[in-house]
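For the sequence shown, position 226 (counting from the first letter as 1) is numbered 462 according to our numbering, and the numbering increases by one without interruption. Using N, Cα and C, we set each Cβ at its ideal position, and we do this for glycine too. Just so you know, these numbers come straight off a predicted model, no measurement behind them. Reading through the structure tokens given below for one structure.
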Amino acid sequence: MGKLLDLINDPGDLKKINQSLLPQLAQEIRETIIETVSKTGGHLASSLGVVELTIALHYVLDTPQDKIIWDVGHQCYAHKLLTGRKDRFSTLRQHEGISGFPSTSESIYDVFDTGHSGTSISAALGMACARDLKKLNYKVAAVIGDGSMTSGIAFEALNNAGHLKKDLIVILNDNEMFISPKVGALASYLTRIFSNPAYTKFREEFDGFLKSIPKVGNKVHNIAKRFDENMRAIFAPGMIFEEMGFDYIGPTYGHDLNNLIKILQNITYMKGPVLFHIITKKGKGYAPAENFPVSYHGVDKFDIATGKVIKIAGERPSYTKIFSSTITQLGKKYNNLVAITAAMPDGTGLQDFANTYPDRFFDVGIAEQHAVTMAAGMCKQGLKPVVAIYSTFLQRAFDQIIHDVCIQNLPVIFAIDRSGIVGQDGKTHQGIFDISYLRLIPNLVIMSPKDENELRHMLKTAIEYNEHPVCIRYPRAEVLGVNMDEELKILPIGKSEVLKEGKDMAIFGFGFTVRIAEETATVLKEKHNISATVINTRFVKPLDTDLLKKLARDIPCFITIEENVLSGGFGSAIIEFLEQENMLSQVKIIRIGLPDKFIEHGHPEILRDKYNININSIVSRIIKKE
Ligand SMILES: Cc1ncc(C[n+]2csc(CCOP(=O)(O)OP(=O)(O)O)c2C)c(N)n1
Numbered sequence: 237m238g239k240l241l242d243l244i245n246d247p248g249d250l251k252k253i254n255q256s257l258l259p260q261l262a263q264e265i266r267e268t269i270i271e272t273v274s275k276t277g278g279h280l281a282s283s284l285g286v287v288e289l290t291i292a293l294h295y296v297l298d299t300p301q302d303k304i305i306w307d308v309g310h311q312c313y314a315h316k317l318l319t320g321r322k323d324r325f326s327t328l329r330q331h332e333g334i335s336g337f338p339s340t341s342e343s344i345y346d347v348f349d350t351g352h353s354g355t356s357i358s359a360a361l362g363m364a365c366a367r368d369l370k371k372l373n374y375k376v377a378a379v380i381g382d383g384s385m386t387s388g389i390a391f392e393a394l395n396n397a398g399h400l401k402k403d404l405i406v407i408l409n410d411n412e413m414f415i416s417p418k419v420g421a422l423a424s425y426l427t428r429i430f431s432n433p434a435y436t437k438f439r440e441e442f443d444g445f446l447k448s449i450p451k452v453g454n455k456v457h458n459i460a461k462r463f464d465e466n467m468r469a470i471f472a473p474g475m476i477f478e479e480m481g482f483d484y485i486g487p488t489y490g491h492d493l494n495n496l497i498k499i500l501q502n503i504t505y506m507k508g509p510v511l512f513h514i515i516t517k518k519g520k521g522y523a524p525a526e527n528f529p530v531s532y533h534g535v536d537k538f539d540i541a542t543g544k545v546i547k548i549a550g551e552r553p554s555y556t557k558i559f560s561s562t563i564t565q566l567g568k569k570y571n572n573l574v575a576i577t578a579a580m581p582d583g584t585g586l587q588d589f590a591n592t593y594p595d596r597f598f599d600v601g602i603a604e605q606h607a608v609t610m611a612a613g614m615c616k617q618g619l620k621p622v623v624a625i626y627s628t629f630l631q632r633a634f635d636q637i638i639h640d641v642c643i644q645n646l647p648v649i650f651a652i653d654r655s656g657i658v659g660q661d662g663k664t665h666q667g668i669f670d671i672s673y674l675r676l677i678p679n680l681v682i683m684s685p686k687d688e689n690e691l692r693h694m695l696k697t698a699i700e701y702n703e704h705p706v707c708i709r710y711p712r713a714e715v716l717g718v719n720m721d722e723e724l725k726i727l728p729i730g731k732s733e734v735l736k737e738g739k740d741m742a743i744f745g746f747g748f749t750v751r752i753a754e755e756t757a758t759v760l761k762e763k764h765n766i767s768a769t770v771i772n773t774r775f776v777k778p779l780d781t782d783l784l785k786k787l788a789r790d791i792p793c794f795i796t797i798e799e800n801v802l803s804g805g806f807g808s809a810i811i812e813f814l815e816q817e818n819m820l821s822q823v824k825i826i827r828i829g830l831p832d833k834f835i836e837h838g839h840p841e842i843l844r845d846k847y848n849i850n851i852n853s854i855v856s857r858i859i860k861k862e
């Protein structure tokens, strides 16, 4: 027999398939996802966990008129396969291929762009409000994981939705995992609900009752609801969602297609906001992902038979790894050093610190805003907090950085990983705005290391420095493989390092781009006999103003290279300074950086080539003096 998936070009085709065959379709979808991700890398475990849910939703709802919003969106692979993208699925996350996240520019079935946790309920509620005001008639469903439900914005949306009473379906996909094992009181609460045997038995019976109800309108549902409310009062403690104004259905096993379809069909007849709580297995159907969901949350290319990630020979460790070993080492000497992560102990490299100093490690859930303000509180009372958050997710905490840390000038340390181009995760994940959004904040010190050795010195410097909050920005990249100093040094704040002297131009790199600056200078010398001074800028704030003034007097042309948008970036900082000193007219400035647009997904080297952050294009721009 041919494949069922071959018959499906859109959800209309899915509806033509006999319900009894849907488990086979689920199997085919799983195989396709595993096969593809083994070649492209991607978010495997989360996508495998929602295959049945995805089929059931498209089977029951009438998409794209009805709207499904995937929270984070990393679990959307089955959705992509069912909505016209199976032929391009092999291009997943590749440059000019399909995105690894829902993308409204890619398909009418992707109704909202997502990538950051917790936005789905707000967006869904907004669509429900628009529907009602425009007197239209469609259903809106938000699919949100138990991890993303810990985001502040998700609570804000639940609170508002319970009050507005719009028809809205929220599906809580509870796999008891975030990227790492679940944390927080809400997660424990959800576990209590479904691990209470009396309640579980009651729920099974109630689910059976609910799915046996024919589609006859509200009357039976009202009876069912009253019955449910009474029983719930006996069996379920708290009922947080009911108290917030939702009808709560569940917990239901999320891999039984018939059950899911029947319950979803009935939910579509319910009025007001409904929260459908399903229990799924992260990585479902692929043993390595089921057994090691953390490693298979986001995975590189792997061998399907063994589950082993295919390592590139000679690969060096990442900057994250160096940050990890250094903070763990420094934790020994500084016993007021504490580390905070927003649900990413592995991604940020804090897991070793957590294992070594469990009392001084805090995983706050997907709650970047809270992480920053909590760090401010800790700092105020004499601790030295390091908040490790990826550049893109720190955007969430912009106000907390200003209002809670910088106004009070608290010496919190921000370890900002994955700054610059991150690659395959694309526009929602690029770390290309942080120089701009941080540089404008008074009191903040912003530094970036030229290599892994300097990263270690910067961490030590930041810990010893108590005058201002400090940001250390480093890339998602393997390290350069330089020699490591035995002794960690304290670097002078606001001082750059001149790596090479030349008279024709000054090339400034910041962090990752210092290497590019050095290599550009070498090519300029060898091929064009241009001699360049090369500067490891180290600090974008405060700038090394003495050095800048001296260079502006002696050298006619400055080149700045950054992996950040040009608007508000580090080249702009230099222009602003020279303008303030009335020196701008003395220097020709060429800024290399990213344009005023969102940068798509693709391998970082492809993106660097496309956006001209590579040696050849920089050299040719310099020669043309553009
Ligand atoms: C604001 C924000 N912080 C961090 C992340 C990184 N992140 C991606 S998925 C994820 C865990 C999500 O857990 P859950 O919602 O339970 O989904 P699951 O992967 O378990 O299906 C995290 C922390 C993010 N996408 N957005």
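Cβ-Cβ separation, residue j to residue i (assumed contact under 8 Å), whole Å
| i | j | result |
| --- | --- | --- |
| Arg596 | Leu573 | 7 Å |
| Val510 | Ile485 | 6 Å |
| Ile743 | Val770 | 5 Å |
| His279 | His533 | 7 Å |
| Ser341 | Arg321 | At roughly 13 Å, the Cβ-Cβ gap does not stay under 8 Å, so Ser341 and Arg321 are not in contact. |
| Leu779 | Tyr555 | Not quite, the Cβ-Cβ distance comes to about 23 Å (not below 8 Å), so this is no contact. |
| Leu676 | Gly804 | 7 Å |
| Ala579 | Ile602 | 5 Å |
| Phe337 | Thr355 | That pair is no contact at about 12 Å. |
Where residue i falls, given that 16 or more other Cβ within 10 Å makes a residue buried
| i | result |
| --- | --- |
| Thr386 | buried |
| Asp635 | exposed |
| His665 | buried |
| Ser655 | buried |
| Tyr505 | exposed |
| Ala610 | Note on residue identity: the sequence assigns Met, not Ala, to residue 610. Classification for Met610: buried. |
| Ser353 | buried |
| Ala768 | buried |
| Ser808 | buried |
| Pro473 | With a pLDDT of only 37 at Pro473, under the threshold of 50, the placement of this residue in the model should not be trusted, and no figure is reported. |
| Gln330 | buried |
| Ile548 | exposed |
| Met195 | Given that the chain is displayed from residue 237 to residue 862, the structure contains no residue 195 and the question cannot be resolved. |
| Tyr425 | exposed |
| Gln644 | exposed |
| Glu604 | buried |
| Asp832 | exposed |
| Val452 | Confidence at Val452 is low in this model, with a pLDDT of 45, below 50, so the placement of that residue should be treated as unreliable; the coordinate-derived value is given next. Classification for Val452: exposed. |
Bridge partners - residue i, DSSP secondary structure assignment
| i | result |
| --- | --- |
| Lys824 | Cys793 |
| Asp410 | Ile515 |
| Cys707 | Phe650, Ile682 |
| Tyr626 | Asp653 |
| Phe744 | Ile771, Thr796 |
| Val734 | Ile771 |
| Tyr484 | Leu511 |
| Ala377 | Ile304, Ile405 |
| Ile576 | Phe598, Val623 |
| Pro417 | Met413 |
Nearest candidate by alpha-carbon position, reference residue i, set the options
| i | options | result |
| --- | --- | --- |
| Phe559 | Pro581, Glu551, Gln822 | Pro581 |
| Ala753 | Arg827, Met683, Pro705 | Arg827 |
| Ala364 | Gln565, Ile270, Ile304 | Ile304 |
| Pro685 | Ser732, Asn494, Ile415, Ile291 | Ser732 |
| Leu500 | Ser384, Met610, Gly481, Val296 | Val296 |
| Ser856 | His352, Tyr593, Ala281, Ile795 | Ile795 |
| Gly838 | Phe669, Glu332, Leu394, Arg675 | Glu332 |
| Gly567 | Ala579, Arg552, Asp588 | Asp588 |
| Gly219 | Phe325, Gln301, Leu284 | The requested residue 219 does not occur in the structure, where the chain is confined to residues 237 to 862. |
| Asp865 | Gln605, Val273, Val286, Thr319 | An answer regarding residue 865 cannot be provided, because it is not within the stretch 237 to 862 covered by the chain. |
| Ile671 | Lys275, Ile291, Glu798, Thr272 | Glu798 |
| Ala262 | Val286, Arg692, Ser282, Thr276 | Val286 |
| Gly618 | Gly585, Arg709, Tyr570, Thr628 | Tyr570 |
| Gly745 | Lys402, Pro529, Gly667, Met683 | Met683 |
| Arg712 | Ala633, Gln605, Gly659, Cys615 | Gly659 |
| Tyr374 | Ser356, Lys402, Thr749 | Lys402 |
| Glu478 | Ala575, His513, Ala788 | His513 |
| Gln822 | Asn850, Lys785, Ile637, Leu680 | Lys785 |
| Gln816 | Ile835, Glu841, Ala788 | Ala788 |
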